[in-house]
Structure formats: structure tokens, C-alpha cells
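As given, the protein sequences belong to chains A and B, one line each in that order.
Each residue of the first sequence is one higher than the last, beginning at -16 in the working numbering.
Each residue of the second sequence is one higher than the last, beginning at -16 in the working numbering.
Structure record follows, encoded as C-alpha cells.
2 protein chains.
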Amino acid sequence: MAELDKFDYRLLELLQENSRLTGGALAEKVGLSSAACLRRVQRLRETGVIERDVAVVSPKVFGKRMMVIVLLTMERDRPDRYILMRDAFAKMPEVVQCHHVTGAHDFVLRIQVSDMEEYSAFVERVFHEPYIKRYESLAVLGSLK
Amino acid sequence: MAELDKFDYRLLELLQENSRLTGGALAEKVGLSSAACLRRVQRLRETGVIERDVAVVSPKVFGKRMMVIVLLTMERDRPDRYILMRDAFAKMPEVVQCHHVTGAHDFVLRIQVSDMEEYSAFVERVFHEPYIKRYESLAVLGSLK
DNA sequence: CATTCTTTGCGAAAATCTCGCAAGGATTTG
DNA sequence: CAAATCCTTGCGAGATTTTCGCAAAGAATG
Chain A
-16 MAELDKFDYR
-6 LLELLQENSR
4 LTGGALAEKV
14 GLSSAACLRR
24 VQRLRETGVI
34 ERDVAVVSPK
44 VFGKRMMVIV
54 LLTMERDRPD
64 RYILMRDAFA
74 KMPEVVQCHH
84 VTGAHDFVLR
94 IQVSDMEEYS
104 AFVERVFHEP
114 YIKRYESLAV
124 LGSLK
Chain B
-16 MAELDKFDYR
-6 LLELLQENSR
4 LTGGALAEKV
14 GLSSAACLRR
24 VQRLRETGVI
34 ERDVAVVSPK
44 VFGKRMMVIV
54 LLTMERDRPD
64 RYILMRDAFA
74 KMPEVVQCHH
84 VTGAHDFVLR
94 IQVSDMEEYS
104 AFVERVFHEP
114 YIKRYESLAV
124 LGSLK
């Protein structure tokens, strides 16, 4: 994609907040015509600047009321495990986010479950493996964004 | 909101993946008419089951290529600081996520910046405060989801 | 089994998006 | 510096999508 100008940035900013804004609403806020806005947004999507559009569903409704952040440390002797782990995490519905990080830990996971029982079972199933050296669970009390 | 049935769950599932599916496309996938699907989706939005719709913008294109996870520990003598901190974080564009957690740390932040220089400046500005006892920065090498 | 409440599909009307076109700027080229 | 080229704009028509009223089909209630 070519360069993005200030109009594009403004559009991205707005759509990141609310992707359902209509061409008219965008036009009003950025100072272009509706058609121009929509054309630009279309282009942003085609070129991959906007990767996708998603609905944010309240976790409560889904019954997943408990969130835990896990700091995971693996044994250092098997670096190939990293990719396997990553792929395994990708498939687990409880894992809503997975970051491979530098430093004392290897992964930071964000886990979403119904209750402590479910979390407990998850830990048992996933973390009690020989190549996992240590894991630290941080229960989330509240979140922003 | 009343109870959600299997149609609602299916719709949520689909819209979480792609919120731009049209009524017709939804209809085809869930086996209801276009109007029925749209009515249900409308209701899911009104009742807050769908909290919002957002465009996912490629961080690279946005020039925010660096992601850092920060484990933050505050001094224990001022619990009221928590709320202030939280609100402060909410306003910072670098902070894309903020979780208040139990355990040794108080907050887990996800920070998105352009480069090390910007991160460095952010740390200087935000974390070098007397009520912040310790912070640990984990640079993100790669992520899922 | 009648009543009431809810949800459906249909179809018309409203809103929104897409696209071709001519015009206005910006950039390049000679 | 002007001509040529390229890019983006606003407009407006046409296509697509969403909203909404309505009658009917299902469920739930008593």
C-alpha cells in the first residue's frame, strides 16, 4: 500500500473505535464526501491495512466470567517446543491471547474460562508437562479496553 | 437480555469472526431469513451482548511495530492509586490493554509503540513515579490471536 | 383449548454502499 | 513554464443492504 495520509489515519482511528460508522458519519468527521470516505475505507481493507472487522461480544454473556493471565516458563533445552506450544495454544478456545516474549518468561497467555474449576482443569491438562518449568497465574480483577 | 438460543450463539460466532457479513450471508449460514438474522443481531447489539464493532488495523502499517507487556508493581501504601492509575492508563494511546491482577504484580499492561525510543520515552514518562515500585518489561516476539 | 406473547417470512421503504464520470489538483516531463 | 499524466474528489444513478410494518405460525400460560 502506498502512503497513508491524515485522512486515512483519521478514518482508521474512527473505525477502530466503531467499525459501523456509515459513510455519512465518517464524512462529517473527516471532512470528505461520503463516497470519498467509503472509497478510502474500501482501499484500506483491500490492501490489508484493515485486516478484518469483528464484533466484540461481552464475555459475561458467554459465561466466561473469569480471566487469568499466565506467565509461562519452559525448559530451555528444547527450543523446538516453542512452535509446538504456540500452535497448540492457537487451537485452545480458553486461550484468547498468546504472546511469545523475551526475558525470564517465555509466554504470556490470556485465558478466559467460566470458573475456577474450569481453570483448574485447564492448568492440569495443559501446564503439567515436563517441558514446562514454571507457570504463574495472575487472576484478573478488572480490565480496560 | 433474555436467553440466547442456538441461533444467537451461531450469529455471535460468525460476527466475532467477521462483523461485515450481510443479512443474506448470515441467513444462509444459520438457516433463518435475512430479516430474522438482522433483527436478532440488532437485538444483540441493543442489549449489549455485542458490545461494539471494531476494525482490526494491522499494527505494522500503523507504524506500531513494537509490543511490550509490562508487569507493574505499585507501592502498597496507597490503594487509592489503583483507580487513578487505571484511569490514567485508559487515556494513553500506547496502552492497548490494561488488567488489574492479583498476586505479586498489580497491573499487566500491553503497550504498542513504534520503536524502542518511543517505548523508552513512555517508560520514563509513566513508570518513573514514586508510587510505582517495580516494572518488568517483556518484549513481544510474536503473538497469536 | 382459548389467550397471549414471541418470532418468523415477506415485501415495501429507507438507508447505505458502489461505481462511472467529469472536474480539479498535484506531480512529472519535455 | 506549460503540457501531459496521474490521482482523488464530489456528484449522482444504480445496486445492495438494512429497517420496519404486517399477517401468520409457533410457544407458553392458564
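All C-beta atoms, glycine included, are put in the ideal place defined by N, C-alpha and C.
| Item | Value |
| --- | --- |
| Nearest-angstrom beta carbon gap, S17/A and A10/A [assumed within contact, 8 Å] | 4 Å |
| DSSP three-state assignment for K74/B, whether helix, strand or coil | helix |
| Three-way DSSP call (helix, strand, coil) for E100/A in this model | helix |
| DSSP state of Y65/A mapped onto helix, strand, coil | helix |
| Below-7 Å beta-carbon distance, V53/A vs any chain B residue | no |
| Validate contact between the region 54 to 70 of chain B and the region 86 to 100 of chain B using beta carbons, cut 8 Å, 3 pairs | yes |
| Interfacial residues, the region 26 to 38 of chain A to chain B, with Cβ spacing under 9 Å | L27, R28, T30, G31, V32, I33, E34, R35, D36, V37, A38 |
| Proximal residues to L(-6)/A (C-beta, below 8 Å), its chain only, five neighbours per side dropped | L9, V13, C20, R23, V24, L27 |
| First through last residue of the alpha helix (DSSP H) which encompasses A18/A | 17 to 29 |
| Closest Cα partner of I33/B within the set I33/A, A122/A, V37/A | V37/A |
| Cβ pair S126/A, K47/A closer than 7 Å | no |
| CB contact below 7 Å: R(-7)/B versus chain A | no |
| 7 Å Cβ cutoff, S97/B in contact with chain A | no |
| Distance between C81/B and V123/A (C-alpha atoms, nearest Å) | 10 Å |
| Length of the line joining the Cα atoms of V84/B and E119/A | 12 Å |
| Neighbour flag for V44/B against chain A, beta carbons, 7 Å | yes |
| Extent of the continuous alpha helix (DSSP H) run through G46/A | Counting along the chain, G46/A falls outside any alpha helix (DSSP H), and DSSP gives it neither H nor E. |
| 7 Å Cβ cutoff, T85/B in contact with chain A | yes |
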